[in-house]
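Chains as they are written, first to last, in my numbering: chain A, 284 to 382; chain B, 1027 to 1145; chain C, 72 to 201. Idealized CB from N, CA, C, for every residue including glycine. These notes concern the structure reproduced below.
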Amino acid sequence: MATLHVLSHSPFTDSRLSSCLRLLGPDDGLLLCGDATYALQPGSAQCLALELMPATISLFALDEDLAARALKTPTRVQVVDYPGFVELSCRFAKVNSWL
Amino acid sequence: MPQSLLIISRQAPWAGPSAREALDIALAGGAFDLPLAMLFLDDGVFQLLPEQQPTAVQQKDLTANLQALPMFGVEALYVAERSLQERGLQTHPMNLPVQMLDDSALTALIDRYDQVITL
Amino acid sequence: MKFAIALFAPPHAPSSRRALRFAQAALAGGHEIVRLFFYQDGVHSAASNPVCPQDELDLSGEWREFVRDQGLDAVVCIAAALRRGVLDAQEAERYQRSAVNLQAPWELSGLGQLHEATQLADRLICFGGP
Chain A
284 MATLHVLSHS PFTDSRLSSC LRLLGPDDGL LLCGDATYAL QPGSAQCLAL
334 ELMPATISLF ALDEDLAARA LKTPTRVQVV DYPGFVELSC RFAKVNSWL
Chain B
1027 MPQSLLIISR QAPWAGPSAR EALDIALAGG AFDLPLAMLF LDDGVFQLLP
1077 EQQPTAVQQK DLTANLQALP MFGVEALYVA ERSLQERGLQ THPMNLPVQM
1127 LDDSALTALI DRYDQVITL
Chain C
72 MKFAIALFAP PHAPSSRRAL RFAQAALAGG HEIVRLFFYQ DGVHSAASNP
122 VCPQDELDLS GEWREFVRDQ GLDAVVCIAA ALRRGVLDAQ EAERYQRSAV
172 NLQAPWELSG LGQLHEATQL ADRLICFGGP
């Protein structure tokens, strides 16, 4: 049963993203919100690491946090709003927020 | 069937109340006889080192609470092998009987539990 | 779907607002929230004393209105709250403190309420950090 992992810390000052990437199962999803969306900064090692994840892992980002930070959305990212976030937490068997 | 809960503790022991409060979740759940497990990940592994002297920073000893886990029925205790490796602790003695898991075993562990709290 | 929502962050943290917007979206989507449980620094998100400048978001006020209007079961962990100075009238009297900063609809109770909520819910969703 797949897990939706939720991150909100900046990956440039914090190890949660790298820890999380090592634990992802093949059907898991990753939702970036808050400062974790900075991981999508083009040209960063973090963005490259996300691009290199197996294609079976879905990558999501919260729309308001992308807009607030003027971040462009790489093609593999699915942008979600709050109803979308709720839908994801129903679709995945559990939600693991990296507090 | 009660829902099972995995608590992932990532905080070093003396950085504030976070490590203790994660442990309190486990102890409270154990008191209700709920199926739960605890995984020590990242800096959370520092909670497991013996001979720490929290009184030096006027903190209560966490070890007694950790060692109460099996008595509260929380016997599924795990530590991330990679977190130990990164910190040079792979062969270090631990103050608790924990099972060491590699990355793929951690993925399987998270998969097995109904709910997860990562603190 | 039945949600248990746990919050671990104070009202000035973006994750407190995120938790509220998620909870609002869950109800708007026809889902049920079996309980809100505020733990660690999340107890501050339930406290009634923050005073916000008029042109800033008053998240504590929004939480209070949301919980009251929706008639939600909203529990603040008593041990975490006492440690952080979040007291209802009863606890303020018990410990001889001059300020009360937790009112209805919030209720102080123990961690058992988190576990009970987890058992009643289909999903536990935690919010915390930035």
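Asked                                                                                                                           : Found
Proximity test, Cβ basis, 8 Å: Ser293/A and chain B                                                                             : no
For Lys377/A, the residue or residues it bridges with in DSSP                                                                   : Thr286/A
Cβ pair count under 8 Å reaching 3, the segment 1087 to 1099 of chain B against the segment 1054 to 1072 of chain B             : yes
Under the three-state DSSP convention, the category Tyr1139/B falls into                                                        : coil
Tyr110/C in three-state terms, based on DSSP                                                                                    : coil
C-beta neighbour in chain C for Gly317/A, strict 8 Å                                                                            : yes
Rounded separation between Ala285/A and Lys73/C - CA only                                                                       : 18 Å
Backbone secondary structure at Ser293/A - three-state DSSP                                                                     : coil
Contact check, Gly1067/B vs Arg1036/B, beta carbons under 8 Å                                                                   : Reading the sequence as shown, one finds Leu at residue 1067/B and not Gly. Closer than 8 Å, so yes.
For Arg194/C: DSSP bridge partner residues                                                                                      : Phe74/C
Where Ser86/C meets chain A, residues with beta-carbon distance less than 9 Å                                                   : Ser291, Cys316, Gly317, Ser380 and Leu382
Closest residue to Arg89/C among Trp381/A, Asn379/A and Gly317/A (Cα-Cα distance)                                               : Gly317/A
Under 7 Å (Cβ pairs) to chain A, residues found in the segment 1121 to 1145 of chain B                                          : Asp1129, Leu1132, Thr1133, Ile1136, Asp1137, Asp1140, Gln1141, Val1142, Thr1144 and Leu1145
Check whether Val1083/B and Val1105/B have beta carbons under 8 Å apart                                                         : no
First through last residue of the alpha helix (DSSP H) which encompasses Ser341/A                                               : Unbroken run through Ser341/A is the beta strand (DSSP E), Ser341 to Leu345; no alpha helix (DSSP H).
Residues of the segment 1049 to 1060 of chain B with Cβ closer than 7 Å to any Cβ of chain C, in chain order                    : Asp1050, Ile1051, Ala1054, Gly1055, Phe1058 and Leu1060
Under 9 Å from the C-beta of Ser372/A: neighbouring residues of chain C                                                         : Met72, Phe74, Phe93, Ala97, Arg194 and Ile196
Status (buried if at least 16 other CB within 10 Å, exposed otherwise) for Pro309/A                                             : exposed
Residue-level contact to chain C via CB, Phe343/A, 8 Å cutoff                                                                   : no
Residue closest to Val363/A, alpha-carbon to alpha-carbon, out of Gln329/A, Ser341/A and Leu382/A                               : Ser341/A
Buried or exposed by the 16-neighbour rule on C-beta atoms within 10 Å, applied to Met1027/B                                    : exposed
Sufficient close CB pairs (3 or more, under 8 Å) joining the segment 170 to 183 of chain C to the segment 145 to 160 of chain C : yes
Distance CB(Leu354/A)-CB(Leu331/A) smaller than 8 Å                                                                             : no
Proximity to Leu1088/B [Cα-Cα], best of Leu1122/B, Ile1143/B, Leu1127/B and Ser1030/B                                           : Leu1122/B
Alpha carbon of Pro366/A to alpha carbon of Asp346/A, nearest angstrom                                                          : 11 Å
C-alpha gap between Val147/C and Val114/C, whole angstroms                                                                      : 6 Å
Cβ neighbours of Leu1049/B in the same chain (closer than 6 Å, five flanking residues each side left out)                       : Asn1091
Pair within 8 Å by beta-carbon distance, Leu306/A and Asp1129/B                                                                 : yes
Beta-carbon proximity check, Leu349/A vs Leu314/A, cutoff 8 Å                                                                   : no
Cβ-based burial, Cys123/C [other Cβ within 10 Å; buried from 16]                                                                : exposed
Under 8 Å between C-beta atoms of Gly199/C and Ser380/A                                                                         : yes
Simplified DSSP assignment, three categories, for Glu103/C                                                                      : strand
Residue-level contact to chain C via CB, Pro369/A, 8 Å cutoff                                                                   : Here the sequence assigns Val to residue 369/A, which means Pro is not the residue at that position. Yes, Val369/A lies at the interface with chain C (some Cβ there is under 8 Å from its Cβ).
Gly312/A, DSSP secondary structure in three states                                                                              : strand
Closest by C-alpha distance to Pro121/C, when choosing among Ser180/C, Pro82/C and Ala99/C                                      : Pro82/C
Boundaries (first-last residue) of the beta strand (DSSP E) holding Cys148/C                                                    : Ala145 to Cys148
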